[in-house]
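For reference, the structure discussed in these notes is given below.
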Amino acid sequence: LAQPLYRYEPKSADLLDGAVFAFVSSAGTDPEIILPIEARKIDERWKWHTAGARFSDHSLTLRHQDKDVWTFLNEQRDPMFRAGQTDTYRLFQDRLFEISTLVSTTRAKAKSAR
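In my numbering, the protein residues as written are 2 to 115.
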């Protein structure tokens with residue numbers, strides 16, 4: 002997205018500016034990478050700092066001036082991910098729990114802790 006998701010005011014003299022951006026899928030709604038960018042003062046010079054955070058099961062690469070600066074490679078796609086690249090949602094089916102099993106397990110743990 003061209004505009005930041007959030008822009009924050011500096012709370013110290015060593016931070017000039019900061020914002021959080023999102024790189025989204027082709028659908029335009031699913032963030033693939035969240036990218037905070039800050040201008041920090043280090044050794045009396047202002048320098049840009051950033052760190053990528055992935056929100057995707059796809060292989061991802063961030064490049065700056067034709068150089069790879071951050072990479073996540075997913076060589077074994079997890080079959081638990083059910084949505085496609087152009088979907089505006091994603092389903093993560095990790096584990097299913099029965100409510101009755103959770104209740105009985107919780108009661109048993111509480112009883113043994115007494």
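All C-beta atoms, glycine included, are put in the ideal place defined by N, C-alpha and C.
For clarity, every value in this text was computed on a predicted model and none was experimentally measured.
Just tell me which of the options has its CA closest to the CA of residue i.
| i | options | result |
| --- | --- | --- |
| P5 | K48, D15, E39 | E39 |
| V21 | H50, S113, I43 | H50 |
| R41 | L2, D15, F73, A28 | D15 |
| S60 | L74, K68, F24 | L74 |
| F24 | D18, S13, L36, L17 | L36 |
| L17 | A3, S26, R46, H65 | R46 |
Under a three-way DSSP split, which group does residue i fall into?
| i | result |
| --- | --- |
| A23 | strand |
| A14 | coil |
| R96 | Confidence in R96 is poor, its pLDDT being 49 and thus under 50, which makes the residue's placement unreliable; the coordinate value appears in the next sentence. Coil at R96, not helix or strand. |
| A114 | helix |
| A109 | helix |
Quick test of your reading: residue i and residue j, contact by CB under 8 Å. State the CB separation rounded to the nearest angstrom.
| i | j | result |
| --- | --- | --- |
| I34 | R8 | At roughly 18 Å, the Cβ-Cβ gap does not stay under 8 Å, so I34 and R8 are not in contact. |
Which ranges does the beta strand (DSSP E) cover as unbroken runs of at least 3 residues, wholly within the stretch 28-52, from first to last along the chain? DSSP runs (the beta strand (DSSP E)) wholly in the stretch 28-52: 32-43, 46-51.
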